[in-house]
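Respectively, the protein sequence lines represent chains V and P. Mapping to the UniProt record's numbering: the first sequence position 209 is 209, numbers consecutive. Mapping to the UniProt record's numbering: the second sequence position 79 is 79, numbers consecutive. All residues carry an ideal CB built from backbone N, CA and C; glycine is no exception. The structure displayed is predicted, hence computed values, not measured ones. Report on one structure; see the data block that follows.
Protein chains: 2
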Amino acid sequence: MTATITAFATSPDRGRGLARDMQVRWALEEVGQPYDVRLVSFQAMKAPAHRAVHPFGQIPTYEDGELSLFESGAIVLHIAERHLGLLPEEPNARARAIMWMFAAVDTLKAPIIEREAAWLIERDKSWFAERQIMLDGNVRKRLGELSVRLGEADWLDGDFSAADIMMVGLLRRLETTSLLDDYPNLLAYVARGKARPAFKRAFAAQYAVFTDSQPVG
Amino acid sequence: MTATITAFATSPDRGRGLARDMQVRWALEEVGQPYDVRLVSFQAMKAPAHRAVHPFGQIPTYEDGELSLFESGAIVLHIAERHLGLLPEEPNARARAIMWMFAAVDTLKAPIIEREAAWLIERDKSWFAERQIMLDGNVRKRLGELSVRLGEADWLDGDFSAADIMMVGLLRRLETTSLLDDYPNLLAYVARGKARPAFKRAFAAQYAVFTDSQPVG
Numbered sequence: 001m002t003a004t005i006t007a008f009a010t011s012p013d014r015g016r017g018l019a020r021d022m023q024v025r026w027a028l029e030e031v032g033q034p035y036d037v038r039l040v041s042f043q044a045m046k047a048p049a050h051r052a053v054h055p056f057g058q059i060p061t062y063e064d065g066e067l068s069l070f071e072s073g074a075i076v077l078h079i080a081e082r083h084l085g086l087l088p089e090e091p092n093a094r095a096r097a098i099m100w101m102f103a104a105v106d107t108l109k110a111p112i113i114e115r116e117a118a119w120l121i122e123r124d125k126s127w128f129a130e131r132q133i134m135l136d137g138n139v140r141k142r143l144g145e146l147s148v149r150l151g152e153a154d155w156l157d158g159d160f161s162a163a164d165i166m167m168v169g170l171l172r173r174l175e176t177t178s179l180l181d182d183y184p185n186l187l188a189y190v191a192r193g194k195a196r197p198a199f200k201r202a203f204a205a206q207y208a209v210f211t212d213s214q215p216v217g
Numbered sequence: 001m002t003a004t005i006t007a008f009a010t011s012p013d014r015g016r017g018l019a020r021d022m023q024v025r026w027a028l029e030e031v032g033q034p035y036d037v038r039l040v041s042f043q044a045m046k047a048p049a050h051r052a053v054h055p056f057g058q059i060p061t062y063e064d065g066e067l068s069l070f071e072s073g074a075i076v077l078h079i080a081e082r083h084l085g086l087l088p089e090e091p092n093a094r095a096r097a098i099m100w101m102f103a104a105v106d107t108l109k110a111p112i113i114e115r116e117a118a119w120l121i122e123r124d125k126s127w128f129a130e131r132q133i134m135l136d137g138n139v140r141k142r143l144g145e146l147s148v149r150l151g152e153a154d155w156l157d158g159d160f161s162a163a164d165i166m167m168v169g170l171l172r173r174l175e176t177t178s179l180l181d182d183y184p185n186l187l188a189y190v191a192r193g194k195a196r197p198a199f200k201r202a203f204a205a206q207y208a209v210f211t212d213s214q215p216v217g
């Protein structure tokens, strides 16, 4: 059975692949699993039919037979557990890969999303500039720690894993800022992720949704 | 071999059990596994020896033989995978339990932690009151959605699971606010979690660290 995921009908980032369906697409491409996509409008996302699958009214979701999931981290982990190639077989290495998935959705993500939300929602507020300095500092602190831990390694812990899908996906949210510039090894890490054929296929698929949604000019 | 976790030597919440070692202790108590605790000072947490285990200089960590982990969600999942009682055996139910663990550290946690951080760090700023209204709204939005989904159920998805440890632990951070008061089913859910003997044993263990650290008066 082919799984069905949901994605934005109208890409809020104009096809930059920052919506969280990107990580799910990438994981499915890495393990060679075809998938169907159901596009949902912002209105439909908040309607009861979608809320029945995703109680918080977001994308992505993942439906495969009787199973329906939300939370991109959980979906990527589910895919990684059911197909070879995204989690190490050795138990301790597997536990560490899952640990890095949690790091990418919790410790690392929190300051990046908070900074981004302020940029989107509070840019016209009197306090914006002063707070942004603090929020940039919070992001830099975590990037510096991640950079030290990554060192010269290609991936977070040994071979490429589901954790790298989540972490590269997160760090890409900073690509339009200068925040990654002080950490050449993180820039190289993101580039390494983006160079993977599976990333490119996933990116192209979500980009096609954006271009298809544009009025013919 | 008995696992060793780390916890704050000096409890920043005066023993209220909001530090993230609480969820790890609770999980270990649920599955009946003894554990050792290494207390770390705020200074030691930032030193190289601790950073070697936790690159972001936080607690808790979990060390068991050759394996060392950080991220409370990952540690609780690791415990749940290795011992019976915290994850359903049926594969789809198991995937949904893990999904709710991700919800507790990602979608639900982000607005709760952001609000809390503003309370701790920005209370003397001119913008605090105006922003707090917005941050309260962000929290209420997610609580409302969670309340609808939980409905009359005892736990997030079927039997008690590792997801409930993470979610109750998160919601407890709101207990000193009035934010939960509009959601009687969430209040009852938190009370249900706190009534579990394993919760009580874990709470007592972390509370003892706080009382032991007090000067004899």
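A direct Cα-Cα distance of roughly 15 Å separates residue 176(P) from residue 183(P).
DSSP assignment within the segment 168-199 of chain P yields the following whole alpha helix (DSSP H) runs of 4 residues or more, N-terminal first: 184-194. In terms of beta-carbon proximity, residue 193(V) stays away from the interface with chain P, with every pair separated by 8 Å or more.
Here residue 69(P) has 61, 62, 75, 78 as same chain residues with Cβ atoms under 7 Å from its own Cβ, once five neighbours each way along the sequence are excluded. Here residue 89(V) carries a coil assignment [DSSP, helix/strand/coil]. Residue environment analysis places residue 107(P) among the buried positions, since at least 16 neighbouring C-beta atoms fall within 10 angstroms of its C-beta. Short of 8 Å from the beta carbon of residue 135(P), and not among the five residues preceding or following it, lie these beta carbons of its own chain, in chain order: 111, 114, 115, 118. Excluding sequence positions up to five before and after residue 122(V), its CB lies within less than 6 Å of the CB of 128, all in the same chain and listed in chain order. The bridge partners DSSP lists for residue 37(P) are 5(P). Going by beta carbons, residue 10(P) and residue 38(P) fall outside the 8 Å limit.
In this structure, the CA atom of residue 157(P) is about 36 Å from the CA atom of residue 51(P). Each residue's CA atom was taken as its position, placing residue 90(P) and residue 189(P) some 24 Å apart. Secondary structure at residue 211(P): helix, using DSSP grouped into helix, strand and coil. The straight-line gap separating the alpha-carbon atoms of residue 99(V) and residue 167(V) is approximately 12 Å. Membership of residue 67(P) in the beta strand (DSSP E) is indicated by the continuous run 67-70. Boundaries of the beta strand (DSSP E) around residue 63(P): 61-64. Not a single CB atom of chain V sits nearer than 8 Å to the CB of residue 21(P). Here DSSP, grouped into helix, strand and coil, assigns residue 84(V) to coil. Judged by DSSP in its simplified three-state form, residue 15(V) adopts coil rather than helix or strand. By the Cβ test, the segment 195-211 of chain V is in contact with the segment 14-31 of chain V, since at least three Cβ pairs between them sit closer than 8 Å. Closer than 8 Å to the CB of residue 56(V) there is at least one CB belonging to chain P. Between residue 55(P) and residue 46(V), the alpha-carbon positions lie close to 38 Å from each other. Burial is judged here by how many other beta carbons sit within 10 angstroms of a residue's own beta carbon; residue 58(P) has at least 16 and is buried. Where residue 114(V) is concerned, the enclosing alpha helix (DSSP H) starts and stops at 109-121.
Using a CB distance cut-off of 8 Å, residue 127(V) counts as an interface residue toward chain P. When CB distances to chain P are screened at a threshold of 9 Å, the residues of the segment 84-111 of chain V falling below it are 91, 92, 95, 96, 98, 99, 100, 101, 102, 103, 105, 106, 107, 108, 109, 110, in chain order. Chain-order list of chain P residues neighbouring residue 70(V): 99, by C-beta distance under 7 Å. Here residue 211(P) is actually not in contact with residue 17(P); their C-beta atoms are around 13 Å apart, not less than 8 Å.
The alpha-carbon of residue 105(P) is positioned some 22 Å away from that of residue 84(P). Within the same chain, Cβ atoms closer than 7 Å to the Cβ of residue 140(P) are found at 179, the five residues on either side in sequence being excluded.
Here the C-alpha atom of residue 214(P) lies approximately 19 Å from the C-alpha atom of residue 6(P). The Cβ atoms of residue 97(P) and residue 162(P) sit closer than 8 Å to each other. Residue 74(P) belongs to the set of residues whose beta carbon lies under 8 Å from a beta carbon in chain V. With fewer than 16 other Cβ atoms inside 10 Å of its own Cβ, residue 153(V) counts as exposed. One thing to note: residue 1(P) has its Cβ no nearer than 8 Å to the Cβ of residue 206(P). It is roughly 15 Å from the alpha-carbon of residue 170(P) to the alpha-carbon of residue 138(P).
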